[in-house]
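Student: One structure, as structure tokens, below. Some questions next.
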Amino acid sequence: MKLPLPSPLRSRIVSTSRGEVTVRILHQDVSSLYPGMERYFVEAVLGEEVIASFRTNSYEYSPGVALTAEQAAFSHADDWEAHLAGDVAGFVEYHTPRHHYPAPDAPVTDVVVIQGSPRPDGNCAAIAGWVAEVVKERGLSVQVLYLDDLILHPCIGCYRCFNDGVCTFEDDMDPVYEALEHALLLAVVSPVYTNTVPAGLKAVMDRCQALHARRTITGTRPPDKGRSGLFFSVAGRVGTENFAAILPVATAFFSLVAYPLAATPCFDGMDHVPGIGAVDGARERVEGAVAASLDAILARDEVDGIPEEEA
Ligand SMILES: Cc1cc2nc3c(=O)[nH]c(=O)nc-3n(C[C@H](O)[C@H](O)[C@H](O)COP(=O)(O)O)c2cc1C
């Protein structure tokens, strides 16, 4: 869905030692996508160049905060006008953007496996290894992300990602975002922890709100065609009811990151066996799910060519 264009709210000219700078405030109503959300942009423009940009949105201001996004935008513009009139060089230096995304050195692969157990050598790790082997046998590239290796801050609900599509934190999520922008198949492997996913995996899921925000803001949600998702889970207890809560969590996550969920193989009773390797048919189920997903992706590529992001 296309976002409505921002409309001008105010525009003022400030005379500086480098020439005239226009400080403008723009407003964008995005409530068609996010209920009640309004975005405000404050921009300082010298000639054709935007020398400073501040963005804010109404979701940033929680109910107990005595400030609105609109007030914050106008207040910024007022401050900038005063600063520009006095010290334009200092203003430009202070507002030089310092982006940490995209992560240019992050590896990108055809398949990404997120191994969501904090145990690096447990059942989920075994499943992640089986997935990777099938992918490699097909001649495709794969990376397995061990969440225990990543240093991640949990989402703090600041909603700043709805301003420019970039999370406020600069940490090990940057390569994860990059990987999820490019992979055709995303496989997540998770143990059941208190009926849902472990905290580290939940942190990744919540932090992917930034990926969703970026795609919405820039209008680049990838086409569902040509991408696929798999969710594998293990539970200690016996019974499929142990996956009743985790499966809706996984479904919501795959929808958030735009990987249509193709299959959700689950394995219960892990506390009753030496390991998933000892469970008859487990490996074959995992390999079969991966092979079916890859077949579907590759068949679509043969027909349609490699899918590209929608403009
Ligand atoms: C903190 C914690 C919570 C757990 N909660 C559940 C649960 O709610 N239901 C269940 O069936 N098993 C539960 N388990 C057992 C794990 O799902 C099981 O041991 C699984 O095999 C662990 O996966 P891993 O070997 O990949 O680490 C829990 C284990 C831990 C450590």
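Numbering (this note's numbering), first residue to last: 11 to 321. In this text, a Cβ means the ideal position worked out from N, Cα and C, and glycines have one as well. It should be emphasised that the depicted structure is a prediction, and the values quoted were computed from it without experimental measurement.
Indicate whether C165 and R217 have their beta-carbon atoms separated by less than 7 Å.
Tutor: Yes; because the gap between Cβ atoms is below 7 Å, this pair is in contact.
Student: State whether the region 49-57 contacts the region 24-36, with contact taken as three or more CB pairs (one from each stretch) at a distance under 8 Å.
Tutor: They touch, by the three-pair rule.
Student: In three-state terms, what does DSSP make of N67?
Tutor: Reduced to three states, the DSSP call for N67 is strand.
Student: According to DSSP, simplified to helix, strand and coil, what is P18?
Tutor: Note: P18 maps to strand in three-state DSSP.
Student: Taking only runs that begin and end inside the region 97-174, name each unbroken beta strand (DSSP E) of 3 or more residues, in chain order.
Tutor: Complete beta strand (DSSP E) runs here, min 3: 121-125 and 152-156.
Student: Helix or strand or just coil, what does DSSP make of P275?
Tutor: Coil, per DSSP.
Student: With a CB to CB cut of under 7 Å and the five nearest residues on each side skipped, what residues in its chain are close to L221?
Tutor: Excluding positions up to five away in sequence, the list reads Y187, L190 and V267.
Student: By the DSSP assignment, the beta strand (DSSP E) with A213 in it spans what residues?
Tutor: No beta strand (DSSP E) holds A213; the alpha helix (DSSP H) holding it covers A209 to R217.
Student: Please find out if some non-hydrogen atom of ligand 1 comes closer than 6 Å to the beta-carbon of M280.
Tutor: M280: yes, Cβ under 6 Å from ligand 1.
Student: For M183, which of N173, G229, L211 and F172 has the nearest alpha-carbon?
Tutor: Comparing Cα positions, the closest option is L211.
Student: Going by the beta-carbon positions, is the gap between P18 and A113 smaller than 7 Å?
Tutor: In this structure, A113 does not lie closer than 7 Å to P18 by Cβ.
Student: With distance defined between alpha-carbon atoms, name the residue in S27, P284 and R65 nearest to P16.
Tutor: Ranking S27, P284 and R65 by Cα distance to P16 puts R65 first.
Student: In whole angstroms, what is the alpha-carbon distance linking V144 and A116?
Tutor: For V144 and A116, the distance between alpha carbons rounds to 23 Å.
Student: By Cβ distance, which residues of its chain are closer than 7 Å to I307, with the 5 residues on each side in sequence left out?
Tutor: Correct list, in chain order: L194, L195, G236 and S238.
Student: Rounded C-beta distance between F179 and N67? I'm assuming under 8 Å.
Tutor: About 18 Å; that fails the 8 Å criterion.
Student: Less than 6 Å between the CB of G132 and some heavy atom of ligand 1, yes or no?
Tutor: The answer is yes for G132.
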